[in-house]
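Asker: In the UniProt record's numbering, the protein residues as written are 1 to 276. Quick reminder that beta carbons are idealized off the backbone N, C-alpha and C, glycines included.
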Amino acid sequence: MKQKNKAIVLTVGNYKGGAGKTSNTVLIAYELAKKGLKTLVIDLDPQSNATKCLLLTKSGLYPDEVVTIDKTLMTGIAEKKIDGLEVQIMDNLFLLPSYIDFEDFPKFLYKTTNTKEEEDYYIKNIFDPLEVKYDIILIDVPPMSKAVTRNAVICSDYVLISLQTHERSLSGAENYVQELNSLNLEYDLDLEVVGVLPVLHKNNGSVDKYIMKTATETFGKENLFDIVIPQMERIKRFDVNGITEKDRYDEKVISFFNNVSDELLERIHYFETQEK
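#1: Please state if the CB of residue 45 and the CB of residue 97 are separated by a distance shorter than 7 Å.
#2: How many angstroms separate the CA atom of residue 260 from the CA atom of residue 200?
#3: Answer yes or no: do residue 136 and residue 39 have a C-beta to C-beta separation smaller than 7 Å?
#4: Closer than 8 Å is the cut-off here; do at least three beta carbon pairs connect the stretch 220 to 240 with the stretch 180 to 189?
#5: When DSSP labels each residue in this structure, what does residue 228 get in the three-state scheme?
#6: Just curious, the beta strand (DSSP E) that residue 162 is in, first and last residue?
#7: Would you mind listing the beta strand (DSSP E) stretches within the stretch 35 to 75 that are 3+ residues and don't spill past its ends, in chain order?
#8: Of all the options 6, 270, 258, which has the alpha carbon lying nearest to the alpha carbon of residue 134?
#9: Using three-state DSSP, classify residue 11 as helix, strand or coil.
#10: Is the distance from the Cβ of residue 93 to the Cβ of residue 33 below 7 Å?
#11: For residue 164 versus residue 202, is the C-beta spacing smaller than 7 Å?
#12: In terms of residues, what are the limits of the alpha helix (DSSP H) holding residue 106?
#13: Is it buried or exposed, residue 68, if we count other Cβ atoms within 10 angstroms and call 16 or more buried?
#14: I'd like to know whether the C-beta atoms of residue 149 and residue 159 end up nearer to each other than 7 Å.
#15: Leaving aside the five residues before and after residue 254 along the sequence, list all residues of the same chain whose C-beta is less than 7 Å from its C-beta, in chain order.
#16: So what does residue 94 bridge to, in DSSP terms?
#17: By the 10 Å Cβ neighbour count, where 16 or more other Cβ atoms means buried, how is residue 269 classified, buried or exposed?
#18: Sorted by chain position, which residues of the same chain lie with C-beta nearer than 7 Å to residue 132's C-beta, five sequence neighbours on each side aside?
#19: Using only the alpha-carbon positions, how far apart do residue 174 and residue 219 sit?
#20: Between 52, 189, 157, 101, which lies nearest to residue 117 when the distance is taken from Cα to Cα?
#21: Could you pull out every residue in the same chain whose Cβ sits closer than 7 Å to the Cβ of residue 258, ignoring the five residues on either side in sequence?
#22: Tell me which residues share the same chain as residue 106 and place their Cβ nearer than 6 Å to its Cβ, disregarding the 5 neighbours each side in the sequence.
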């Protein structure tokens with residue numbers, strides 16, 4: 001059972017790109033923060049899409065504030081010192097931003113570690129102090145980096161699998177679960193898959209229905225979120241403008257992710273109380 005004075009840590013993942021991981025991460029975090037939970041998003045993807053979206057969100061809310069980042073996450077990890085790297089986006093929402101130099105992380109591990117276990121636990125040993133500062137931490141990871149995924153998962157109490165309804169995303173999710181099982185066995189982790197969150201590629205599409213049926217058979221109905229994210233163009237605009245709540249299209253997206261965040265908290269509560 002997780003100590004109550006430490007954050008719940010959750011990685012959002014899938015081994016296939018374009019599965020909605022980053023959008024799900026930032027929008028869930030946004031809603032959790034609005035519910036009063038002190039929330040941190042850790043962006044471990046060198047493409048920095050979560051970072052860009054949340055910094056744009058901050059700029060929209062506080063246009064007079066200028067964000068200056070004195071050193072990158074990769075530099076902080078190399079120095080084993082990440083104090084002060086967090087950026088406050090809004091009330092209760094914070095970001096540990098990424099930058100393109102984080103693509104060097106696997107090479108850095110290869111050069112600076114001596115064992116597989118040291119390599120896999122490298123980030124955990126640096127990030128542990130963050131857990132006393134937040135209620136919940138969400139980690140966004142790149143799709144195809146095993147080194148980053150293994151480090152993120154070992155930091156985590158839970159994993160949320162983001163599943164877009166096309167075949168490659170389903171295969172990526174299946175491979176991701178295999179990797180999680182392997183890590184669980186290798187290190188005897190206290191790790192749970194909190195659920196699979198479906199994101200429709202095409203609303204009412206025949207392929208989408210087939211993938212949903214197959215996912216239900218593969219992962220079990222109880223492991224799929226009751227909330228299914230429909231295809232919404234406005235989510236793409238959030239990547240360009242940041243998260244906004246200005247019109248009914250914004251409100252539709254926000255409403256869905258309010259429900260997703262509620263279900264996520266319910267699922268976490270279930271696992272936390274089962275462990276007692």
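Answerer: Taking the geometry as given:
#1: As a first step, residue 97 must be located in the sequence shown, where it is residue number 97. As a first step, residue 45 must be located in the sequence shown, where it is residue number 45. Between residue 97 and residue 45, the gap from beta carbon to beta carbon reaches 7 Å or more.
#2: Taking the sequence shown and counting its residues from 1, one reaches residue 260 at position 260. Taking the sequence shown and counting its residues from 1, one reaches residue 200 at position 200. The alpha-carbon of residue 260 is positioned some 14 Å away from that of residue 200.
#3: Counting from one through the sequence shown, the residue named residue 136 turns up at place 136. Counting from one through the sequence shown, the residue named residue 39 turns up at place 39. Cβ atoms of residue 136 and residue 39: closer than 7 Å.
#4: The stretch 220 to 240 makes no contact with the stretch 180 to 189, as fewer than three CB pairs between them are under 8 Å.
#5: Position 228 of the sequence shown holds residue 228. For residue 228, the three-state secondary structure derived from DSSP is coil.
#6: As a first step, residue 162 is located in the sequence shown; it is residue number 162 there, counting from the start. Annotation: the continuous beta strand (DSSP E) that includes residue 162 extends over 158 to 164.
#7: Correct list: 39 to 43.
#8: Numbered from 1 along the sequence shown, position 134 holds the residue referred to as residue 134. When the alpha-carbon of residue 134 is set against those of 6, 270, 258, the nearest one is in 6.
#9: Residue mapping note: residue 11 aligns to position 11 of the sequence shown, counting from 1. In the structure shown, residue 11 adopts extended strand secondary structure according to DSSP, grouped into three states.
#10: Numbered from 1 along the sequence shown, position 93 holds the residue referred to as residue 93. Numbered from 1 along the sequence shown, position 33 holds the residue referred to as residue 33. Taking 7 Å as the Cβ cut-off, residue 93 and residue 33 qualify as a contacting pair.
#11: As a working mapping, residue 164 is identified with position 164 in the sequence shown. As a working mapping, residue 202 is identified with position 202 in the sequence shown. No; because the gap between Cβ atoms is not below 7 Å, this pair is not in contact.
#12: For the purposes of this step, residue 106 is taken as the residue at position 106 of the sequence shown. Counting along the chain, the alpha helix (DSSP H) containing residue 106 begins and ends at 105 to 112.
#13: Taking the first residue of the sequence shown as position 1, residue 68 is located at position 68. Label assigned to residue 68: exposed.
#14: What you label residue 149 is simply residue 149 of the sequence shown in a count that begins at 1. What you label residue 159 is simply residue 159 of the sequence shown in a count that begins at 1. At least 7 Å separates the beta-carbon of residue 149 from that of residue 159.
#15: On the sequence shown, position 254 is the one that residue 254 refers to. Excluding positions up to five away in sequence, the list reads 245.
#16: Reading the sequence shown from its first residue, position 94 is the one you call residue 94. Residue 94 is bridged to 40, 88.
#17: Working through the sequence shown from its first residue, we reach residue 269 at position 269. Under this definition residue 269 is an exposed residue.
#18: Mapped onto the sequence shown, residue 132 falls at position 132. For residue 132, same chain residues with a beta-carbon under 7 Å away, outside a window of 5 residues either side, are 5, 6 in chain order.
#19: Counting from one through the sequence shown, the residue named residue 174 turns up at place 174. Counting from one through the sequence shown, the residue named residue 219 turns up at place 219. Each residue's Cα considered, the two are about 9 Å apart.
#20: On the sequence shown, position 117 is the one that residue 117 refers to. It is 189.
#21: Reading the sequence shown from its first residue, position 258 is the one you call residue 258. Within the same chain, residue 258 has close Cβ partners 31.
#22: Working through the sequence shown from its first residue, we reach residue 106 at position 106. Answer for residue 106: 147, listed in chain order.
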